[in-house]
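Residue numbers (the numbering used here): 92 to 182. Since the structure comes first, as structure tokens, the remarks are kept for the end.
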């Protein structure tokens, strides 16, 4: 079932922090259907991020997508989570 995609309130600040730290970031949030929110590239590695607020939970579509995906997806709730996941220092 296709659900209307929406960005969490911390989405933009996480994108800005990653870019400021030198990562490339492509927002996938508009895709919906459970696809993770961000594709992040840093030091030759790619990361899929699902952005959630402190109390946010996966939607049913996200849970199904994550279950079927044969790679890694990271749930990030803060700028610190995002930077640590790509091995960047958080200050």
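We put the beta carbon where it would ideally sit given N, CA and C, even for glycine.
CA-to-CA distance, residue j to residue i, given in whole angstroms
i           : j           : result
residue 113 : residue 150 : 30 Å
residue 173 : residue 104 : 11 Å
residue 108 : residue 170 : 7 Å
residue 140 : residue 111 : 17 Å
residue 158 : residue 126 : 11 Å
residue 136 : residue 168 : 20 Å
For residue i, three-class secondary structure by DSSP
i           : result
residue 174 : helix
residue 106 : helix
residue 153 : helix
residue 99  : coil
Residues that residue i bridges to, as DSSP identifies them
i           : result
residue 167 : 142
Whole runs of the beta strand (DSSP E) within the stretch 105-141, excluding any shorter than 3 residues:
As far as the stretch 105-141 is concerned, its whole beta strand (DSSP E) runs of at least 3 residues are 115-118 and 129-133.
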